[in-house]
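Engineer: Numbering (the working numbering), first residue to last: 60 to 175.
No residue lacks a Cβ here, since even glycine has one placed at the ideal position from N, Cα and C.
Below is the structure:
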């Protein structure tokens with residue numbers, strides 16, 4: 060309890076700290092450093108012509124990749140329809156479409172895991 064002064068008022072003592080919080084949120088704790096880092100990153104840029112060429116190349120690659128994915132999806136759909144029309148069951152077709160992994164171990168049987 061705080062000591063009472065002779066006038067009957069409590070003395071202005073600060074309470075003892077029991078709990079100390081440490082911010083671990085980088086957005087709050089490192090706000091200044093993040094701002095300085097973003098400013099630093101903005102200063103070093105490629106020339107405008109190089110950036111434009113790279114951006115157009117990225118867009119062209121994205122368009123061609125999308126076209127390739129659509130082409131592959133169309134081919135897969137055609138194969139699936141052909142298989143179903145030929146009488147293949149859905150279960151067998153799903154098994155063929157599911158990715159599989161085969162592991163071949165060419166070590167001698169006596170070596171076991173000790174060789175690995």
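Whole angstroms are fine: how far does the CA of residue 76 sit from the CA of residue 86?
Structural biologist: 26 Å
Engineer: Could you tell me the distance, in whole angstroms, from the CA atom of residue 74 to the CA atom of residue 89?
Structural biologist: 29 Å
Engineer: Considering only the beta carbon of each residue, do residue 51 and residue 113 sit closer than 9 Å?
Structural biologist: Outside the displayed range of the chain (60 to 175) lies residue 51, so it cannot be described from this structure.
Engineer: For residue 77, does the three-state DSSP call read helix, strand or coil?
Structural biologist: In this structure, residue 77 counts as coil in the three-state DSSP scheme.
Engineer: Are residue 152 and residue 162 close, meaning C-beta to C-beta below 9 Å?
Structural biologist: no
Engineer: Look at the alpha carbon of residue 126 and the alpha carbon of residue 91, and state the distance between them as a whole number of angstroms.
Structural biologist: 44 Å
Engineer: Going straight from the alpha carbon of residue 164 to that of residue 155, what length do you get?
Structural biologist: 24 Å
Engineer: Starting from residue 115, trace the alpha helix (DSSP H) both ways and give me its first and last residue.
Structural biologist: 107–144
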